[in-house]
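Residues in the sequence shown are numbered consecutively from 3, following our numbering.
We put the beta carbon where it would ideally sit given N, CA and C, even for glycine.
Here the structure comes first, spelled out in structure tokens, and everything after it is commentary.
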Amino acid sequence: MRMWYLYLVRCADGALYTGISTDVMRRLAEHAANRGARRLRGRGPLQLVYVQPLGGRGIAQRVERRVKRLSRADKERLLRGELALPVTA
């Protein structure tokens, strides 16, 4: 089983983008080259601010969905370690 990772990227305007990948550095390079998510195109430079291994794709997708629903303030708390990652089996 391949390891899936949750990652958060900060855009130049301060916005946070949440994604999952099996290779975070490759995915970040794709985003930086405007070949990744449309939401990140033209919003660089991008800074990787959070990476968390999660296991399989299913759990990674569930956690990604929960993190994307968090408020910006809660995402910032997650980055500072003040909020636990919303992971459930």
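Quick check on DSSP: helix, strand or coil for residue i?
i: V69; result: helix
i: R41; result: helix
i: R12; result: strand
i: V26; result: helix
i: G57; result: strand
If I measure Cβ to Cβ from residue i and keep anything under 7 Å in the same chain, skipping five residues before and after, which residues do I get?
i: R79; result: L85
Work out the CA separation of residue j and residue i for me, nearest whole Å.
i: E2; j: C13; result: Coverage of the chain is limited to positions 3 through 91, which leaves residue 2 absent and any answer about it impossible.
i: L8; j: I22; result: 5 Å
i: G44; j: I61; result: 30 Å
Only counting the same chain, and skipping five residues up and downstream in sequence, which positions put a Cβ closer than 8 Å to that of residue i?
i: A39; result: Y19, G21 and H33
Skipping 5 residues on each side, what residues in its chain have a beta carbon closer than 6 Å to that of residue i?
i: R59; result: W6
Name, in chain order, the residues that DSSP records as bridge partners for residue i.
i: G46; result: DSSP, once it has assigned bridges, lists no residue as partnering G46.
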